[in-house]
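Q: Counted from 1, the sequence shown has number 39 at position 2 by the working numbering; the numbering is strictly sequential. C-beta: ideal position from N, C-alpha, C; glycine also. Because the structure is a prediction, the values reported are computed rather than measured. My structure is below; once you've seen it, I'll send some questions.
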Amino acid sequence: MLERHELEAFVTLAEELHFGRTAERLRVSTARISQTIRKLERRVGVPLFNRTSRRVELSPVGRQLYEEIQPAWTQIGTALKRAIDSGRGITGTLRVAFIGAAAGQLLVGATELFRDRQPGCDVQIREAQIGEILPWLRDGKVELVLGNFPMDEPGIVTGPVLVREARMLAVPSGHPFARRTSVSVEDLARTTMLQLPDTLPESLRHDRTPLRTPAGRPIEPGPSAETFQEMLTLIGTGQGVFPVGAQVRRYYIRPDVTYVPFSDAPPLEWGLLWRADGATARVRAFNQAAYDLVNSHR
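Quick look at the structure:
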């Protein structure tokens with residue numbers, strides 16, 4: 038295998054056909070270039086350049102080697118530049134996903150502020166379903182997700198909490214709880230709790246769909262749902278209940294589902310998530326824009 042400095046010296050000399058200009062471009066001595074080319078020629082077994090006191094030109098073998106190497110060398114340089122731009126610069130396209138209508142509305146506001154601050158970077162917004170959060174992040178389909186906390190998962194970073202909202206219980210409209218002004222967490226022992234997809238981490242499933250109440254009373258698990266609309270449909274048909282945030286009363290009004298406040302449950306929290314190895318400058322800048330947006334309205 039050829040080493041990178043050998044390839045760089047060969048390609049540059051093939052373009053410049055001058056040892057001095059090649060050394061200047063690569064910021065090394067002319068002697069270093071001559072030494073590298075001689076070493077490369079010994080490895081190949083034939084001269085790659087024909088040298089005279091007046092000129093340098095490619096030999097037939099050298100020209101063939103250059104024509105085969107140059108496209109790949111250019112592609113490597115382009116790929117490296119893109120990686121540097123992505124890691125250090127705030128350019129290109131940032132792909133961000135959201136879950137639910139309220140998160141989508143917040144994401145639009147954060148995107149507008151981000152674009153004002155970083156006009157050289159575009160933002161592509163996509164809606165994700167509940168079970169798609171981690172697969173999309175891990176596969177690189179998106180770089181950020183605006184979703185629910187807690188999200189304790191190896192390799193996943195959670196930003197600051199952007200929204201805290203009252204926790205409510207979504208129940209069938211014919212359920213006895215639907216006539217109450219509030220419910221207690223201990224009341225969950227008298228229900229069937231719908232489940233989140235297995236693709237979500239245990240930390241989130243334990244928070245949203247616990248198997249026991251704080252007093253240790255068992256909560257009967259019900260069927261799982263892959264999307265929030267599917268969850269609401271299961272609730273409406275009497276197959277179980279599910280904890281939700283207060284924003285659902287505005288965005289998901291249904292005649293078959295009633296939202297009852299908890300009297301003793303902590304609020305739901307949500308914010309941005311990203312891969313630990315994907316904390317690029319544009320990811321950090323978007324996270325800051327979202328944080329500044331929500332704090333400007335407090």
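Alpha carbon to alpha carbon, how far is Y289 from P108?
A: Taking the straight line from one Cα to the other gives about 54 Å.
Q: Please report how far the alpha carbon of R69 lies from the alpha carbon of D314, in whole angstroms.
A: So the alpha carbons of these two residues sit roughly 37 Å apart.
Q: Could you please give the first and the last residue of the uninterrupted beta strand (DSSP E) stretch that includes T130?
A: Note, T130: beta strand (DSSP E), 129-135.
Q: With distance defined between alpha-carbon atoms, name the residue in E78, P280, L310 nearest to F186.
A: Looking at the Cα atoms, L310 is the closest of the given residues.
Q: Any idea if Q161 is buried or exposed, counting beta-carbon neighbours within 10 angstroms, 16 or more meaning buried?
A: Q161 should be labelled exposed.
Q: Got a sec? Which residues, its chain only, sit under 8 Å from P84 by beta carbon, not counting five neighbours each side?
A: Same-chain partners within the cutoff: E78, S96, V98, G99.
Q: Rounding to the nearest angstrom, what Cα-Cα distance links R75 and D189 in this structure?
A: Taking the straight line joining both Cα atoms gives about 56 Å.
Q: Measure the Cβ-Cβ separation of E271 and L231 and say whether it is below 7 Å.
A: Looking at the sequence provided, one finds Leu at residue 271 rather than Glu. Against a cut-off of 7 Å, the Cβ pair of L231 and L271 comes out as a contact.
Q: Please go through the region 229-306 and give each complete alpha helix (DSSP H) segment of 4 or more residues, from N-terminal end onward.
A: With a minimum length of 4 residues, the continuous alpha helix (DSSP H) runs that stay inside the region 229-306 are 239-245, 265-273, 285-288.
Q: Check each candidate in T111, R163, A203, V93 and name the one with the smallest Cα separation from L131.
A: Taking only the C-alpha atoms, the option nearest L131 is R163.
Q: Compute the beta-carbon to beta-carbon distance between G404 and T229, rounded to the nearest angstrom, for a pair I have assumed lies under 8 Å.
A: No information on residue 404 is available, as it lies outside the stretch 38 to 335 that the chain covers here.
Q: With distance defined between alpha-carbon atoms, name the residue in V281, T195, A226, S240 nearest to P255.
A: That would be A226, whose Cα lies nearest to the Cα of P255.
Q: Would you say V297 and V220 are within 7 Å of each other, going by their C-beta atoms?
A: Yes, the Cβ-Cβ distance between V297 and V220 is below 7 Å.
Q: Use the C-beta contact count for E306: other C-beta atoms within 10 angstroms, 16 or more gives buried, fewer gives exposed.
A: E306 should be labelled buried.
Q: Buried or exposed: E169, going by 16 or more other Cβ atoms within 10 Å of its Cβ?
A: Label assigned to E169: buried.
Q: With F214 and V208 assumed to form a contact (beta carbons below 8 Å), what rounded beta-carbon distance in angstroms separates them?
A: With a Cβ gap of about 5 Å, F214 and V208 count as contacting.
Q: Taking only the alpha-carbon atoms, compute the straight-line gap between F299 and A326 and give it to the nearest angstrom.
A: The alpha-carbon atoms of F299 and A326 are separated by roughly 32 Å.
Q: Assuming G137 and N324 are in contact, meaning their beta carbons sit under 8 Å apart, how far apart are those beta carbons, in whole angstroms?
A: Rounded, the Cβ-Cβ distance is 19 Å, inconsistent with contact.
Q: Would you tell me roughly how many angstroms separate the C-alpha atoms of Q276 and E149, rounded to the nearest one?
A: When rounded, the distance between both Cα atoms is 40 Å.
Q: Does the Cβ of R145 have 16 or more other Cβ atoms within 10 Å, making it buried, or fewer, making it exposed?
A: The sequence as given places Val at residue 145; Arg does not occur at that position. It counts as exposed.
Q: I need the straight-line Cα distance from G157 to G177, nearest angstrom please.
A: The alpha-carbon atoms of G157 and G177 are separated by roughly 21 Å.
Q: Along the beta strand (DSSP E) that carries E94, what are the first and last residues, could you check?
A: Unbroken beta strand (DSSP E) run through E94: 93-95.
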